[in-house]
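Numbering (full-length UniProt numbering), first residue to last: 1 to 348. This report concerns only the one structure given below.
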Ligand code: ADP
Ligand code: MG
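Next up, the structure:
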């Protein structure tokens with residue numbers, strides 16, 4: 001009889017990161033989302049996204065944010081390393097988009113990642129670190145870069161062939177990337193954005209907070225038609241503030257593919273929110289038609305929990321009932337004065 005004494009061992013860091021990557025890195029669009037979130041958290045005013053071959057070949061995000069200093073650079077790629085929270089209290093009131101300290105570690109374990117950053121004003125300074133999906137030790141070398149950070153992710157899943165196989169066509173993957181970009185660009189009008197695919201400019205969005213500037217951005221991301229068939233809403237009650245564009249029944253779609261709901265600047269897919277919206281549209285839309293909207297809910301970060309899921313698409317409200325009723329009544333009121341569904345024209 002053989003006796004094996006040890007069956008349990010600690011996973012090597014690369015494998016642990018690849019497993020964690022399974023949760024947050026599904027496809028090029030998830031990488032794009034994480035890199036853009038980091039750029040936003042860095043206080044950037046301009047974010048440029050370059051994609052090659054739908055992101056399977058390259059996803060590159062360049063920002064002009066605070067940058068990462070030399071000594072922090074290797075840590076940026078380490079798992080559970082973050083500059084954004086340090087305590088449970090921080091976690092409970094978190095206002096940055098990231099806080100798990102997992103994205104870069106996960107992404108670098110399944111791609112060839114190059115990060116160049118400069119936290120100083122002098123563009124002759126800057127540091128470069130590369131990770132090629134191998135060991136987690138990072139080599140830091142000098143590399144000039146203007147203040148800010150560029151992260152390039154090449155050959156996603158090159159070392160996990162089973163996952164690489166799941167990538168769809170270039171067109172499909174890019175459509176997902178563009179959607180991730182669209183959501184982020186709709187969340188921050190004070191940032192200028194550029195998206196290129198295979199060197200071609202797809203979106204170029206100047207910064208601007210005026211109503212006209214915001215409508216221009218929405219029109220270029222979602223089509224002019226939407227803005228022409230939408231009503232601007234702004235309502236505040238009980239610590240909740242709702243603003244944005246409510247699509248009228250005259251511009252509905254066959255799919256629920258243009259519905260954007262932001263909670264404190266973070267795009268969410270939330271059942272309670274979806275239910276409130278559906279109820280509000282119930283009387284003005286035909287069955288099977290879906291409204292278009294871009295809505296922003298703001299509330300005290302203490303009464304909403306964003307640490308529900310690694311991709312942070314879900315949130316939990318402390319008082320869900322109140323949020324639901326507030327949304328429903330705001331939208332219902334706005335739509336009640338809109339045209340009835342009989343005059344609806346098919347817009348998709
Ligand atoms: P998280 O965003 O959850 O903190 P990440 O793995 O995405 O974790 O990033 C790790 C750390 O690297 C961040 O906390 C931040 O300090 C730094 N970092 C990443 N991207 C950038 C960036 N574009 N600009 C400045 N710092 C960055
Ligand atoms: Mg992050």
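Note that the Cβ used here is the ideal one computed from N, Cα and C, for glycine as well. Here the structure is a predicted model, which means the values were calculated and not measured.
When the Cα of residue 357 is compared with those of 326, 214, 315 and 325, which residue comes out closest?
-> No answer is possible for residue 357: it lies beyond the span of the chain, which begins at 1 and ends at 348.
Grouping DSSP H, G and I as helix and E and B as strand, with all else coil, what is residue 141?
-> strand
Determine the burial state of residue 291: buried for a count of at least 16 other Cβ atoms within 10 Å of its Cβ, exposed for fewer.
-> In summary, residue 291 is buried, with 16 or more beta-carbon neighbours lying within 10 Å of its beta-carbon over all protein chains present.
Under a three-way DSSP split, which group does residue 30 fall into?
-> Residue state, collapsed to three classes: helix.
Using a Cβ-Cβ cut-off of 7 Å (strictly less than) and excluding sequence neighbours within five positions of residue 204, which residues of its own chain qualify?
-> 194
Could you tell me whether any non-hydrogen atom of the ligand ADP is closer than 6 Å to the CB of residue 68?
-> yes
Among residues of its own chain, excluding the 5 on either side of residue 74, which ones have a beta-carbon nearer than 7 Å to its beta-carbon?
-> 129, 138 and 140
So, using beta-carbon positions, are residue 55 and residue 149 closer together than 7 Å?
-> no
Beta-carbon proximity of residue 361 to residue 313, cut-off 7 Å | The question about residue 361 has no answer, for the chain in this structure spans 1 to 348.
Put residue 41 into one of helix, strand or coil per three-state DSSP.
-> helix
Opposite residue 386 in the DSSP bridges: which residues?
-> With the chain covering only 1 through 348, there is no way to say anything about residue 386.
How is residue 8 classed by DSSP in three states: helix, strand or coil?
-> coil
Could you check what DSSP says for residue 97 in three-state terms: helix, strand or coil?
-> coil
From what residue to what residue does the beta strand (DSSP E) around residue 148 run?
-> 148 to 154 is the span of the beta strand (DSSP E), which, as asked, contains residue 148.
Given residue 142, which residues of its chain have a CB within under 8 Å of its CB, disregarding the five upstream and five downstream residues?
-> 125, 126, 127 and 128
Residue 87 (DSSP reduced to helix, strand or coil) | It is coil, neither helix nor strand.
Name the DSSP beta bridge partners of residue 117, please?
-> 127 and 149
Are residue 28 and residue 59 closer than 7 Å when you measure CB to CB?
-> In this structure, residue 59 lies closer than 7 Å to residue 28 by Cβ.
Residue 114: which of 231, 321, 35 and 209 sits nearest, CA to CA?
-> 35
Report yes if the C-beta distance between residue 335 and residue 240 is below 7 Å; otherwise report no.
-> no
Can you pull the DSSP bridge partners for residue 46?
-> 192
Please name the residue or residues paired with residue 259 in a DSSP beta bridge.
-> 293
Ordered along the chain, which non-local residues of its own chain (more than five positions away) have a Cβ less than 8 Å from that of residue 304?
-> 263, 264, 315, 316, 317 and 318
Should residue 346 go down as buried or exposed, given a rule of 16 or more other Cβ atoms within 10 Å for buried?
-> Legend: pLDDT at residue 346 = 46, less than 50; position of this residue unreliable, value from coordinates given subsequently. It counts as exposed.
Residues with C-beta closer than 6 Å to any heavy atom of the ligand MG, in chain order | 34, 37, 38, 98 and 103
What's the C-alpha gap between residue 48 and residue 14?
-> Their backbone Cα atoms lie some 29 Å apart in a straight line.
Near residue 20, what residues of its chain come up, given a Cβ to Cβ distance below 6 Å and the 5 sequence neighbours on each side ignored?
-> Cβ-Cβ distances below 6 Å link residue 20 to 102 and 106 in the same chain, with the five nearest sequence neighbours on each side left out; the list follows chain order.
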